[in-house]
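Since the structure comes first, as structure tokens, the remarks are kept for the end.
In the numbering used here, the protein residues as written are 7 to 308.
So, in structure tokens, the structure goes:
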């Protein structure tokens, strides 16, 4: 028997769900609407660059407090597809032994050690995220002026770029690539407005989309539509992958000022110039109403 919910959600965390300012679920309606949809049979998949620890500490407590049922279908794909887990009540401080890690997508140990060693040089602007298992991340200090952070961010990225050249590891950074006497580009330096990730070139939001489809298929769930939500151009990759695979998909862009992309599937923005989690809350409230209107037939079986 196959379950066919009205749709499944594939959600970036930072921006559309968690505030990029407070880095918490700051808008109460977000958790309430997600839980209401989960109760109606809508699968929730978080597709994030964050670690399992962030999801366990920041996202799940709000959902549990809002009444997330034990039988809700929830999956967390973390570190841009390189780690994943099924959140459970006992995951209060990370997934622990339940975390799955794709060893092919780990960055080299030497890079991790180098980044940890230079972290004190930049502690005026950022911190080394020790919760990551497969990638390296530096995150802006809470409350720092973003212009100041941006200057320091560029400096640390240059240090990492230079280190990878010394190690003869191919790397991509924004519009630059360097083979560094290697056979191919193996790593990517990926800056965002509040962080820098150094990741395997094979990671990306499209990997999370593939894992989401596989997980639901294993449960016998075939949503009639996917709804994706993100705050950056890289988040379009999850909707792109679903569209390429023949799924009906609709994408919500909560920060279109960065450059709304033209696609062959519907791309929507929030009303009233809302951005980030305020826009995410508007999307989720509307999607909840869609489910409630469809509630008698929200989940079909064959």
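Built from N, CA and C at the ideal position, the CB exists for glycine as well. Predicted, not measured: the structure shown is a model, and the values here were computed from it.
{"Asked": "Residue burial classification, residue 164 (beta-carbon count within 10 angstroms, cutoff 16)", "Found": "exposed"}
{"Asked": "Buried or exposed (CB count within 10 angstroms, at least 16 for buried), residue 268", "Found": "exposed"}
{"Asked": "Close Cβ partners of residue 108 (< 6 Å) along its chain, the five nearest in sequence each way excluded", "Found": "88"}
{"Asked": "Among 200, 176, 205, the one whose alpha carbon lies nearest that of residue 191", "Found": "176"}
{"Asked": "Where the alpha helix (DSSP H) through residue 211 begins and ends", "Found": "211 to 224"}
{"Asked": "Segment contact flag, the stretch 142 to 156 with the stretch 174 to 188, C-beta cutoff 8 Å, min 3 pairs", "Found": "no"}
{"Asked": "Own chain partners of residue 3 with C-beta closer than 7 Å, once the 5 adjacent residues on each side are dropped", "Found": "The shown model of the chain, from 7 to 308, leaves out residue 3, and the question about it has no answer."}
{"Asked": "Given residue 115 as reference, the closest of 206, 213, 244 once Cα atoms are compared", "Found": "206"}
{"Asked": "Coarse secondary structure for residue 79, derived from DSSP in three states", "Found": "coil"}
{"Asked": "Residue 253 - DSSP class collapsed to helix/strand/coil", "Found": "coil"}
{"Asked": "Under 9 Å between C-beta atoms of residue 230 and residue 11", "Found": "yes"}
{"Asked": "Per-residue burial, residue 145 [other beta carbons within 10 Å of its own, 16 or more giving buried]", "Found": "buried"}
{"Asked": "Classification of residue 110 by the beta-carbon crowding that lies within 10 angstroms, buried from 16 upward", "Found": "exposed"}
{"Asked": "Neighbourhood of residue 51 by C-beta distance below 6 Å, restricted to the same chain and skipping five residues each side", "Found": "16, 81, 218"}
{"Asked": "Helix, strand or coil at residue 88 [DSSP, three-state]", "Found": "coil"}
{"Asked": "Inside the stretch 222 to 296 only - alpha helix (DSSP H) runs reaching at least 4 residues", "Found": "242 to 250"}
{"Asked": "Own chain partners of residue 57 with C-beta closer than 6 Å, once the 5 adjacent residues on each side are dropped", "Found": "84, 137, 138"}
{"Asked": "Per DSSP, cross-strand counterpart(s) of residue 53", "Found": "83"}
{"Asked": "Limits of the unbroken beta strand (DSSP E) element including residue 184", "Found": "182 to 184"}
{"Asked": "The stretch 39 to 46 contacting the stretch 207 to 226, beta-carbon criterion three pairs below 8 Å", "Found": "no"}
{"Asked": "Opening and closing residue of the alpha helix (DSSP H) in which residue 41 lies", "Found": "34 to 45"}
{"Asked": "Exposure of residue 19, with buried meaning 16 or more beta-carbon neighbours within 10 Å", "Found": "buried"}
{"Asked": "Cβ pair residue 21, residue 187 closer than 9 Å", "Found": "no"}
{"Asked": "contact_flag[the stretch 72 to 81, the stretch 243 to 260] where n(CB pairs < 8 Å) is 3 or more", "Found": "no"}
{"Asked": "Three-state secondary structure assigned by DSSP to residue 194", "Found": "strand"}
{"Asked": "For residue 223 and residue 8, the rounded distance between their alpha carbons", "Found": "9 Å"}
{"Asked": "Same chain only: Cβ atoms within 6 Å of residue 143, ignoring 5 sequence neighbours per side", "Found": "135, 201, 203"}
{"Asked": "Member of 35, 233, 149 whose CA lies at the smallest distance from the CA of residue 53", "Found": "233"}
{"Asked": "Among 141, 258, 248, 168, the one whose alpha carbon lies nearest that of residue 208", "Found": "141"}
{"Asked": "Alpha helix (DSSP H) segment containing residue 115, residue limits", "Found": "115 to 124"}
{"Asked": "Cβ pair residue 210, residue 240 closer than 9 Å", "Found": "yes"}
{"Asked": "Beta strand (DSSP E) segment containing residue 136, residue limits", "Found": "Careful: residue 136 lies outside any beta strand (DSSP E) and carries neither H nor E."}
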